[in-house]
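Reading through the structure tokens given below for one structure.
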Amino acid sequence: MEVEEAKILLGFPPNSRPDPSQVKAAYRKKVWESHPDLFPDDQKLVAESKFKSISEAYSCLESGDVKGQWYYRAGVYSRVVKTGVPRPYSSAKRGNRWLIGAPFLLIVLGTIGLGGIKANRAYNLQKQTFPSHNPFLP
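Counting from 1, one number per residue, gives the positions in the sequence shown under the UniProt record's numbering.
This is the structure we're talking about:
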């Protein structure tokens, strides 16, 4: 929908520049007048199409003409959509990616290895100290 057409639909002159509060007030007024639930069943379809066009006009005015920084935000949005969000390690070579996970891997393997040694020591100590009192030991 064109901005001029949206202004006319909400009741503003075509070359005017309404502020956000005026647009919101005009939108609420027009929506209240054309809400489909206020009409009988035979007129609901016409009221519903008018209601949708008013909502579209409001979204057009709110996003395009009323908010002055929309053009800047649209450029950022289109750039992110076209190129994607930059990844923090995109400049790193493939061979260096394992360096990121290496400390974690070493911690996990060290814990498992040392924990296994301690468990074996505890098992052997229990087996030597109490050979006949533990029915679970061989």
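Just so it is clear, CB atoms sit at the ideal spot from N, CA and C, and this is done for glycine as well.
Only a predicted model underlies this, so the values are computations on that prediction, with no experimental measurement involved.
Name the residue from the options whose alpha carbon lies nearest to the alpha carbon of residue i.
i: Val23; options: Leu109, Ile54, Glu48, Leu125; result: Ile54
i: Ser63; options: Lys30, Leu106, Asp19, Glu48; result: Asp19
i: Tyr123; options: Ile112, Phe136, Ser49; result: Phe136
Taking just the CA atoms, how far does residue j sit from residue i?
i: Gln43; j: Trp32; result: 15 Å
i: Ile107; j: Cys60; result: 55 Å
i: Phe130; j: Leu114; result: 24 Å
i: Ala25; j: Gly101; result: 56 Å
i: Leu99; j: Gly116; result: 26 Å
i: Thr111; j: Lys118; result: 10 Å
i: Asn120; j: Gln128; result: 12 Å
i: Asn45; j: Phe39; result: First, the residue type needs correcting, since residue 45 is Leu and not Asn in the sequence shown. Taking the straight line from one Cα to the other gives about 9 Å.
i: Asp37; j: Tyr27; result: 17 Å
i: Ser49; j: Phe104; result: 59 Å
Using a Cβ-Cβ cut-off of 7 Å (strictly less than) and excluding sequence neighbours within five positions of residue i, which residues of its own chain qualify?
i: Leu9; result: Ser53, Ile54, Ala57
Could you pull out every residue in the same chain whose Cβ sits closer than 6 Å to the Cβ of residue i, ignoring the five residues on either side in sequence?
i: Phe12; result: Pro18
i: Glu4; result: Pro14
Under 8 Å Cβ to Cβ from residue i, same chain only, skipping five residues before and after it: list those, please.
i: His35; result: Ala47, Phe51
Going by the beta-carbon positions, is the gap between residue i and residue j smaller than 9 Å?
i: Ser16; j: Lys7; result: yes
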